[in-house]
Structures are given as C-alpha cells and as structure tokens.
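At position 112 of the sequence shown (counting the first as 1) the number is 112 in UniProt numbering, and the numbers step up by one without a gap.
The beta-carbon is built from N, C-alpha and C at its ideal position, and this holds for glycine as well.
Given the structure is predicted, the values throughout are model-derived calculations rather than measurements.
Working notes, structure below.
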Amino acid sequence: MRFFLFILIITIISACQHFNKDKQKLTKVEKKKIFSQVYFKNKYQDFGVLPQDTTVSAEFYFKNTGKNKLIVDYVNPDCTCTGYEVSKDTIAVGDSAFIRLDFNTKHKYGKQKIYTIVSMNTQEELYKLMFTADVQ
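This is the structure we're talking about:
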C-alpha cells in the first residue's frame, strides 16, 4: 500500500513540473510576439432611424501602419443580431482592409448601441467598434 501511495505522489509531482514547463514556454512565446500598428479610418457609425426587419451594413476601414504584417486575431460582436466579415485576416505593411458588420433589426425596437471587439497583433490588444440605430 505504501508503494502505491509513493508512486501516486511521484506521478503528481512529475505532472505538476511538466505543467509548469509548458507554462514557462508559453510565456516565452508571448514575449516574442511581433507587433504591428493599425490606423482605423472610422470606429463609429450612426444609422439614424431604421425600420424593423431590415439589415444594414457598417464598414470599418483600417490600414497597417506598422513595420510588420498585421493579423486580425478575432472579431466579437456583442449581439447575435450582428454578423461580420473581415476582408483580410493578414494585412501586409501599408495595405488596407475592412471589417463589415451586418445588423439585423428583427425583434429590435428603440435606440440600439452595438459594440464589437477586435483583437490584432498590436500593442493595444483590443479595439472597440460601435454603431447606433433607432429602430422604429
């Protein structure tokens, strides 16, 4: 019985050490992350008054102003009423792209503020895009 307890303890200690090594490797990789820079032409759009049961699109243009390629990691709208498209997920130095957000007003009423979070390989990790509408 003592032998099995000894083996169990050794196994647990070994697993913990292995986990810590993997965590240290991840930290080293994160430190080597190559950053770029981005310039957004616009981060806000107002649709004004919209009727229900329509779909409108907002396009947010941006440019890679850094010295490395720009990578769009993810786009996360805060509402399931909003779909999105990224024209390119990897943008060369000096090149431009856009994120299009499609807003469906079905089952919406009144003033709407929809936020979308975008993550890129820049020093500023997250960007907030927003559009508003008054659904009648």
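Beta-carbon separation (whole angstroms), residue i vs residue j, contact threshold 8 Å
| i | j | result |
| --- | --- | --- |
| K108 | Q37 | In fact, because the Cβ distance is near 36 Å, the residues do not count as touching under 8 Å. |
| T65 | Y84 | Between Y84 and T65 the Cβ distance is about 22 Å, and since that is not below 8 Å, they are no contact. |
Inter-residue Cα distance where the pair is residue i and residue j
| i | j | result |
| --- | --- | --- |
| N42 | R100 | 12 Å |
| V75 | G110 | 25 Å |
| K88 | K128 | 18 Å |
| I117 | K67 | 23 Å |
| F98 | D134 | 24 Å |
| V93 | I34 | 13 Å |
| P77 | G48 | 20 Å |
| E125 | C79 | 21 Å |
| K23 | T54 | Low local confidence applies: a pLDDT of 48 at K23 is under 50, so the model's placement there is unreliable, and no value is given. |
Environment of residue i [buried if 16+ CB atoms lie within 10 Å]
| i | result |
| --- | --- |
| A58 | buried |
| T90 | exposed |
| Q136 | exposed |
| L70 | buried |
| T82 | buried |
| T105 | buried |
Close beta carbons around residue i, own chain, < 6 Å, minus the five adjacent residues each side
| i | result |
| --- | --- |
| Y44 | M130 |
| V72 | V86, D89 and M120 |
| T132 | D46 and K113 |
Residue span of the beta strand (DSSP E) that contains residue i, given as start and end
| i | result |
| --- | --- |
| I117 | G110 to M120 |
| P77 | L70 to P77 |
| T54 | Unbroken run through T54: none, as it is neither H nor E. |
| T132 | L126 to V135 |
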